[in-house]
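Chains A and B, in that order, are what the protein sequence lines are.
Heads up, the first sequence is in our numbering, so the first residue is 12 and it goes up one at a time.
Heads up, the second sequence is in our numbering, so the first residue is 12 and it goes up one at a time.
Backbone N, C-alpha and C fix where the C-beta goes; we use that ideal spot for every residue, glycine too.
Below: the structure, in structure tokens.
2 protein chains.
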Amino acid sequence: MISKKNTGNTIVDIARALDISPSTVSRALKDHPYISQATKDRVKKQAAKMGYRHNALAAGLRNRKSNTIGLICPRISMYFQSSIVTAIQRKVQEAGYSLVICQTNDSYEIEKQVVNALYASRVEGLIASCTLHTEDFSHFDIFSKSGIPLVFYDRVPRSYPAQVIRGDDYRGGTEGAEHLISRGCKQIVYISGPLTCNLYQDRYAGFKDALQRHKLPLPKKNLFFHELTLENARRTCERIFSKKPWPDAIFATNDTTAIVAEQYAREAGLKIPGDIKILGYSNDPRTEIIDPALTSVEQFPAVMGEKAADAVVELIRKKTQLKKTMPPIITPVELVVRASTGGRMAGS
Amino acid sequence: MISKKNTGNTIVDIARALDISPSTVSRALKDHPYISQATKDRVKKQAAKMGYRHNALAAGLRNRKSNTIGLICPRISMYFQSSIVTAIQRKVQEAGYSLVICQTNDSYEIEKQVVNALYASRVEGLIASCTLHTEDFSHFDIFSKSGIPLVFYDRVPRSYPAQVIRGDDYRGGTEGAEHLISRGCKQIVYISGPLTCNLYQDRYAGFKDALQRHKLPLPKKNLFFHELTLENARRTCERIFSKKPWPDAIFATNDTTAIVAEQYAREAGLKIPGDIKILGYSNDPRTEIIDPALTSVEQFPAVMGEKAADAVVELIRKKTQLKKTMPPIITPVELVVRASTGGRMAGS
DNA sequence: GGTAAATATGCAAACGTTTCCATAATTAAA
DNA sequence: TTTAATTATGGAAACGTTTGCATATTTACC
């Protein structure tokens, strides 16, 4: 076998070519103050000439750092996630780190695998949004125990020594409910994701509290809890519209479900917002396209992503030890009122 | 300074603990056939006990490989891109590689930077979709010259020693045009991205050829070339609808633009598809939500992503040298006919 | 002219893994 | 029983970079 020498050229090669030591070359390349300008110039010129490329692996090994941050998210292609990922990627790139992205597809098994894989690849920090089914977070212990910065966003643990970034889900639930109530709705169907997940818990709590404040009943038949897929949305809507009495509002905790609800309501011959009002969550681009446009809760994914990225970078820089008591960062939500609930009203 | 010993534990530590050699431990951990089962068991048990974690950096340095694949794309959050990225990530993860994702934000400067950064981090393969302004691809030479697998998708170079995956844009342009013509349109406005980019060139060529075949004129005033942003779409639509005669069709080469066109046409009091037909490109989720639903050209991003991922992995495995003559992989497109152009017709 | 500081460079070890090449132990073949 | 093959393990170097420490040179100040 022909031993193809080294790919390009190493610091040692440059050193040999210039008859100086590798240390000097290394220092010259990163503008160490104690290297004379003359030497720096020679080294850089030679490096360019030989097509030298820094080897991040070797440097990483020596320095025990990879300049890499890991990201775990359920699915990149969902609008809300992709917006967050975009923001995180941009920020992390600006801070000089590489971002290694993994998807769990909402599989707890895969989540455990990728956590381990990212640990093995020595990421310097980890940003994660968990699967819908993650209730046991102990697979993240390898990070928290070895003091590697760990930031959760959106789908986060309740109590874990890590920085947590999450939307104000309680408020989202409350504002949605208050809005519907203020528009006179009494029979509100609430379609939620599984309560294993913190954000659906909080939204539901906010929703329930608002109803209670207004002394409105909340019968079981108006409550649906399941993964918010297209198929599930259809099944639920079929149930809802299969027989009267029909509800006068549907609050869906994601937009896909709200969109399906609108379609089913229309097919059932109901006027929106006259007969029934519909409210979604996340302010997906489709919400302002559909007719009537959907009222939805904006979550500012870009802000959330930026905060998550800033948080890891900050933690890495400051070498902060993560405490269980670290206060969560709550990002704002904002109800975007559109036609599906009657639109902006005069004086409101 | 207190020298915090090594993070967790290394192969050497395990070796010491069991009083065997590091080579044996290394081999045992990866089930080398020449290691006895007894030893393997002991080693693995000890590894688990000591919380040993493989160090991918050290292994990468030694093996001169990183088990990492790089991905460069303009913007993750655009629907088409995020679908591709999702597919690529999944495939790459399945194949046992990590995926490092970079965004260029359509900046040529950033593209050059990230290409270099990914090279330095020793990715074993690179998947890239270029910026709209990339006409000179020489910054990718460090990859092609060092024989590192290089795969372009969607926005690709015309002639470069790399594997190219692209949609059948010529056909997309043709089918769109033929469809509009078959529905009786004569004054078709064509809104395209800049012709610096291969895919807009091809779509335009397909469009133009179809018109020519049908002996339809193509006046300058019906042609618009600019980046397909929301703002540009609005500006163009204002121009289009500011004065009669109005066109009887608009073919926009992305969906955002087509959606804006629909809105402007509606505002101008035109009936869709009666007075004007509108056609988009990419089959964004919004196209089937908007009313009337938009006819659009489906590009099967998941397929494209899978092919791209398969291609890099294959190239890495086979160590294929990239030749300039490597035939491009063309993924299919499919016109999805909806109401905005009259919907599916009987017998078609 | 002597000492001290500042400037510039080199030596060598270390990061943790893998693998080529020995060697030792066991089994099979002659 | 010797030789050959097989099975199991160890030694040591190498991957390419960085950095603490040492040393050499220059400049500055008494």
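Is the Cβ of residue 111/B closer than 8 Å to any Cβ of chain A? To locate residue 111/B, count along the second sequence from 1; it is residue 100. Residue 111/B counts as touching chain A.
With DSSP collapsed to three states, give me the class of residue 238/A. Reading the first sequence from its first residue, position 227 is the one you call residue 238/A. Look at residue 238/A here: in three-state DSSP terms it is coil, with no helix or strand label.
Assuming residue 39/B and residue 23/B are in contact, meaning their beta carbons sit under 8 Å apart, how far apart are those beta carbons, in whole angstroms? In the second sequence, residue 39/B corresponds to position 28, counting from 1. In the second sequence, residue 23/B corresponds to position 12, counting from 1. Wrong, their Cβ atoms sit about 14 Å apart, outside the cutoff.
What separation, rounded to the nearest whole angstrom, lies between the Cα atoms of residue 199/B and residue 207/B? Within the second sequence, numbered from 1, the residue matching residue 199/B stands at position 188. Within the second sequence, numbered from 1, the residue matching residue 207/B stands at position 196. Separation of residue 199/B and residue 207/B (C-alpha to C-alpha, rounded to the nearest whole angstrom) is 22 Å.
Environment of residue 217/B [buried if 16+ CB atoms lie within 10 Å]: Against the second sequence, residue 217/B aligns to sequence position 206. Buried, because 16 or more other Cβ atoms sit within 10 Å of the Cβ of residue 217/B.
Expressed to the nearest angstrom, what Euclidean distance is found between the alpha-carbon atoms of residue 250/B and residue 77/B? Here the question's residue 250/B lines up with position 239 in the second sequence. Here the question's residue 77/B lines up with position 66 in the second sequence. Straight-line Cα distance between these residues: approximately 52 Å.
Given residue 179/A as reference, the closest of 173/A, 167/A and 172/A once Cα atoms are compared: Residue mapping note: residue 179/A aligns to position 168 of the first sequence, counting from 1. Checked all of 173/A, 167/A and 172/A; the closest Cα to residue 179/A is 167/A.
Tell me, which residues are paired with residue 308/B by DSSP? Residue numbering aside, residue 308/B sits at position 297 when the second sequence is read from its first letter. In DSSP, residue 308/B forms a bridge with 292/B and 346/B.
Just to confirm my understanding: we take residue 84/A, look at its own chain, exclude 5 residues before and 5 after, and list those with CB closer than 6 Å. What are they? As a first step, residue 84/A must be located in the first sequence, where it is residue number 73. Residues of the same chain with a CB within less than 6 Å of the CB of residue 84/A, apart from the 5 flanking positions on each side, are 92 and 140 in chain order.
Please list the partners that residue 66/B has in chain A, where partner means a Cβ-to-Cβ separation under 8 Å. As a working mapping, residue 66/B is identified with position 55 in the second sequence. Under the 8 Å cutoff, chain A gives 72, 131 and 133.
Excluding the five sequence neighbours on either side, which residues of its own chain have a C-beta within less than 8 Å of the C-beta of residue 294/A, listed in chain order? Sequence index remark: in the first sequence, residue 294/A carries index 283 (1-based). Counting only Cβ-Cβ distances below 8 Å, and skipping sequence neighbours, we find 266, 307, 308, 309, 310 and 347.
Residue 87/A CB to nearest chain B CB: under 8 Å? The count along the first sequence starts at 1 and reaches residue 87/A at position 76. So yes, residue 87/A belongs to the interface.
Buried or exposed, going by whether 16 or more other CB atoms sit within 10 Å of the CB of residue 225/A? Here residue 225/A is taken as the residue at index 214 of the first sequence, counted from 1. Residue environment analysis places residue 225/A among the exposed positions, since fewer than 16 neighbouring C-beta atoms fall within 10 angstroms of its C-beta.
Roughly how many whole angstroms lie between the Cα atoms of residue 353/B and residue 254/A? Here residue 353/B is taken as the residue at index 342 of the second sequence, counted from 1. Here residue 254/A is taken as the residue at index 243 of the first sequence, counted from 1. Each residue's CA atom was taken as its position, placing residue 353/B and residue 254/A some 34 Å apart.
Note down, in chain order, every chain B residue with its Cβ under 8 Å from the Cβ of residue 97/A. Position 86 of the first sequence, counted from the first residue, corresponds to residue 97/A. Those are 86, 87, 88 and 114, listed as they occur along chain B.
Applying the 10 Å Cβ sphere with the 16-neighbour rule, what's the burial state of residue 315/A? Within the first sequence, the letter at position 304 stands for residue 315/A. Answer is buried; the Cβ neighbour count reaches 16.
Counterpart residues of residue 262/B in DSSP-defined beta bridges: Along the second sequence, read from residue 1 onward, the residue named residue 262/B stands at position 251. Residue 262/B pairs with 201/B and 290/B.
Can you tell which of 105/A, 144/A and 133/A has the C-alpha that lies nearest to the C-alpha of residue 120/A? By one-based count along the first sequence, residue 120/A stands at place 109. Checking every option, the nearest Cα to that of residue 120/A belongs to 144/A.
For residue 35/B, report the span of its alpha helix (DSSP H) as first-last. Counted from its first residue, the second sequence places residue 35/B at position 24. From DSSP, the alpha helix (DSSP H) with residue 35/B extends over 33-40.
Any Cβ of chain B within less than 8 Å of the Cβ of residue 104/A? For this step, residue 104/A is matched to residue 93 along the first sequence. Contact of residue 104/A with chain B is assigned, a C-beta pair being separated by under 8 Å.
Determine, for residue 100/A, whether the minimum Cβ-Cβ distance to residues of chain B falls below 8 Å. Your numbering for residue 100/A matches position 89 in the first sequence. Yes, contact with chain B.
Let me make sure I understand the geometry here. Which of 227/B, 202/B, 174/B and 213/B has the alpha-carbon closest to that of residue 192/B? Looking up residue 192/B in the second sequence gives position 181. It is 227/B whose Cα lies nearest to the Cα of residue 192/B.
What alpha helix (DSSP H) runs, 4 residues minimum, are completely inside the stretch 143-196 of chain A? 152-156 and 180-193
Under a Cβ-count criterion, where at least 16 other Cβ atoms within 10 Å of its own Cβ denotes burial, should residue 135/B be classed as buried or exposed? The residue given as residue 135/B occupies position 124 in the second sequence. It counts as buried.
Closer than 8 Å, CB to CB, is residue 270/A near chain B or not? For the purposes of this step, residue 270/A is taken as the residue at position 259 of the first sequence. At least one chain B Cβ lies under 8 Å of residue 270/A.
Less than 8 Å between the C-beta atoms of residue 61/A and residue 28/A, yes or no? Walking along the first sequence from the start, residue 61/A turns up at place 50. Walking along the first sequence from the start, residue 28/A turns up at place 17. A contact, by the Cβ cut-off of 8 Å.
Contact with chain B by residue 37/A, beta-carbon distance below 8 Å: Taking the first residue of the first sequence as 1, we reach residue 37/A at position 26. Closer than 8 Å: no.
Inter-residue CB distance, residue 344/B and residue 183/B (contact presumed, cutoff 8 Å): Sequence index remark: in the second sequence, residue 344/B carries index 333 (1-based). Sequence index remark: in the second sequence, residue 183/B carries index 172 (1-based). Rounded, the Cβ-Cβ distance is 4 Å, consistent with contact.
Comparing C-alpha positions only, which one of 325/A, 355/A, 342/A and 349/A sits nearest to residue 160/A? As a working note, residue 160/A is residue 149 in the first sequence. Looking at the Cα atoms, 325/A is the closest of the given residues.
Among residues of its own chain, excluding the 5 on either side of residue 259/A, which ones have a beta-carbon nearer than 8 Å to its beta-carbon? Here residue 259/A is taken as the residue at index 248 of the first sequence, counted from 1. Take residue 259/A, set aside five residues on each side of it, and the residues of its chain with a beta-carbon closer than 8 Å to its own are 195, 196, 197, 198, 199, 286, 287 and 288, in chain order.
For a test of the three-state rule: what should DSSP assign to residue 251/B, helix, strand or coil? Taking the second sequence and counting its residues from 1, one reaches residue 251/B at position 240. In the structure shown, residue 251/B sits in a helix (DSSP, three-state: H, G or I).
Would you say residue 24/A reaches chain B, if we count a Cβ-Cβ gap shorter than 8 Å as a contact? Position 13 of the first sequence, counted from the first residue, corresponds to residue 24/A. Taking Cβ atoms only, chain B never reaches closer than 8 Å to residue 24/A, which makes this a no.
Residue 101/B and residue 114/A closer than 8 Å at C-beta: As a working note, residue 101/B is residue 90 in the second sequence. As a working note, residue 114/A is residue 103 in the first sequence. Taking 8 Å as the Cβ cut-off, residue 101/B and residue 114/A qualify as a contacting pair.
Close Cβ partners of residue 322/A (< 6 Å) along its chain, the five nearest in sequence each way excluded: Here residue 322/A refers to the residue found at position 311 of the first sequence. Result list for residue 322/A: 162 and 174, in chain order.
Rounded C-alpha distance that separates residue 37/B from residue 74/A: The residue you call residue 37/B lines up with position 26 of the second sequence. The residue you call residue 74/A lines up with position 63 of the first sequence. Going by the C-alpha atoms only, they are around 22 Å apart.
Buried or exposed, going by whether 16 or more other CB atoms sit within 10 Å of the CB of residue 318/A? Translated into positions along the first sequence, residue 318/A becomes position 307. So residue 318/A counts as buried.
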